[in-house]
Amino acid sequence: MGLDIKIPIGLLFTIIGLLLTVYGIATHADSSLYVKSLNINVNIWSGIVMLVFGIVMLVFSKWKISEK
């Protein structure tokens with residue numbers, strides 16, 4: 815069967831990770847947003863992790879398709 819779930823999951827995580835990273839960069843100067851999280855910009859870090867995971871999923875899906 816040709817069902818490969820890695821492509822939509824990779825796209826989803828890449829898009830959401832990109833949005834979170836951009837939002838974290840845009841709100842980086844407002845330190846009052848990050849008081850509860852010990853002044854750690856959670857949006858940037860979670861966005862980067864999601865972006866990397868999404869890209870890895872897309873790379874693995876392309877790698878699997880090219881093996882055939």
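The sequence shown begins at 815 in our numbering and counts up by one.
By construction, the Cβ of each residue, glycine as well, lies at the ideal position given by its N, Cα and C atoms.
| Query | Result |
| --- | --- |
| Can you tell me where the alpha helix (DSSP H) with Leu833 in it begins and where it stops? | 820-840 |
| What's the C-alpha gap between Ser858 and Leu817? | According to the sequence shown, residue 858 is Ile rather than Ser. Whole-angstrom Cα-Cα distance: 32 Å. |
| Going straight from the alpha carbon of Lys876 to that of Val836, what length do you get? | 26 Å |
| Which value, in whole angstroms, describes the spacing of the CA atoms of Ser860 and Gly838? | 9 Å |
| According to DSSP, is Ile854 part of a helix, a strand, or is it coil? | coil |
| For Leu834, count neighbouring Cβ atoms within 10 angstroms of its own Cβ and tell me buried if that reaches 16, exposed if not. | buried |
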